[in-house]
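K.L.:
If you read the sequences in order, they're chains A and B. Residues are numbered in the numbering used here as their position in the first sequence, beginning at 1, plus a constant of 368. Residues are numbered in the numbering used here as their position in the second sequence, beginning at 1, plus a constant of 123. Ideal Cβ placement from N, Cα and C applies to all residues, glycine included. Predicted model only: the values in this text are computed from it and were never measured. Structure provided below as structure tokens; questions to follow.
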Amino acid sequence: MTKSELVQRLAERNPHLYMRDVEKIVDTIFEEISRALANGDRVELRGFGAFSVKERGARTGRNPRTGESVFVEAKRLPFFKTGKALREHLNGGTASEEDDDEF
Amino acid sequence: MDNSRTLTRADLAESVYKEVGLSRNESSDLVEVVLKEISDALIGGKTVKISSFGSFSIREKGQRIGRNPKTGVEVPILPRKVLVFRASHVLKDRINNRA
Chain A
369 MTKSELVQRL AERNPHLYMR DVEKIVDTIF EEISRALANG DRVELRGFGA FSVKERGART
429 GRNPRTGESV FVEAKRLPFF KTGKALREHL NGGTASEEDD DEF
Chain B
124 MDNSRTLTRA DLAESVYKEV GLSRNESSDL VEVVLKEISD ALIGGKTVKI SSFGSFSIRE
184 KGQRIGRNPK TGVEVPILPR KVLVFRASHV LKDRINNRA
């Protein structure tokens with residue numbers, strides 16, 4: 369499912385909304401998550417999952433083809449941990465909302 | 124990161140409220156509806172790709188033998204599905220202030 373398919377689906381199920389508003393809603397959600405991560409903040413969406421940023425220190429890597437050493441700069445990587453309810457639903461479980469107090 | 128904060132659904136709902144001009148209640152419901160739609164697609168085994176953000180996909184893990192680290196007793200870990208998020212290059216670059 370792509371973003372435009374997601375928008376389409378949401379629009380079909382929420383006929384009282386304009387398509388352009390649905391698009392704006394979806395864009396806003398992902399823009400806010402991206403902005404938070406760029407700030408180094410965490411985003412916790414209980415039941416769905418949590419986005420965070422991990423720091424990776426600089427290291428000496430190797431070009432796997434030539435074996436040559438290369439310096440790899442420190443960087444920050446986005447990371448996602450699936451929420452408990454979603455993880456259980458993926459495996460056919462039925463987690464209640466109340467159970468979902470940990471990621 | 125010491126001065127980092129945590130965003131929640133409420134923050135997303137507030138942004139939707141400001142951006143789209145629906146009521147606060149409806150904005151909050153819609154954040155829920157979007158997450159639900161994505162979750163349902165994933166539960167249905169679909170991959171969800173959000174351009175310039177990343178993709179969520181399901182990986183099937185086979186059965187393997189695990190071990191209780193405390194007692195050393197071997198226990199089978201049943202086949203299961205896990206959700207994997209791959210951030211797009213756009214998002215990775217943004218997080219590293221290259222965008």
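(1) Does residue 219 of chain B have its Cβ less than 8 Å from a Cβ in chain A?
(2) Out of A/447, A/443 and A/374, which one is the CA nearest neighbour of residue 162 of chain B?
(3) Would a check of beta-carbon distances place residue 452 of chain A closer than 8 Å to chain B?
(4) Take the Cβ of residue 216 of chain B as the centre, count every other Cβ of all protein chains shown within 10 Å, and call the residue buried at 16 or more, exposed below.
(5) Provide the residue(s) that pair with residue 414 of chain A in DSSP beta bridges, ordered along the chain.
(6) Determine whether the beta carbon atoms of residue 472 of chain A and residue 401 of chain A lie at a separation below 8 Å.
(7) Does any C-beta atom of chain A lie closer than 8 Å to the C-beta of residue 124 of chain B?
(8) Under 9 Å between beta-carbons, which chain A residues line up against residue 161 of chain B? List them in chain order, please.
P.N.:
Per the coordinate set shown:
(1) As a first step, residue 219 of chain B must be located in the second sequence, where it is residue number 96. So, interface residue.
(2) As a first step, residue 162 of chain B must be located in the second sequence, where it is residue number 39. Checking every option, the nearest Cα to that of residue 162 of chain B belongs to A/374.
(3) Taking the first sequence and counting its residues from 1, the one referred to as residue 452 of chain A is at position 84. Closer than 8 Å: no.
(4) Locating residue 216 of chain B in the second sequence gives position 93, counting from the first residue. Classification of residue 216 of chain B: exposed, given that the 10 Å Cβ count is below 16.
(5) By one-based count along the first sequence, residue 414 of chain A stands at place 46. DSSP output for residue 414 of chain A lists no bridge partner at all.
(6) In the structure displayed, chain A extends from 369 to 471; residue 472 of chain A sits before or after that span and is not available.
(7) As a working note, residue 124 of chain B is residue 1 in the second sequence. Because the pLDDT of residue 124 of chain B is 49, which lies under 50, any placement of that residue in the model is unreliable, and the number read from its coordinates should be weighed accordingly. Residue 124 of chain B has a beta carbon lying within less than 8 Å of a beta carbon in chain A.
(8) Locating residue 161 of chain B in the second sequence gives position 38, counting from the first residue. Simply 369, 374 and 416.
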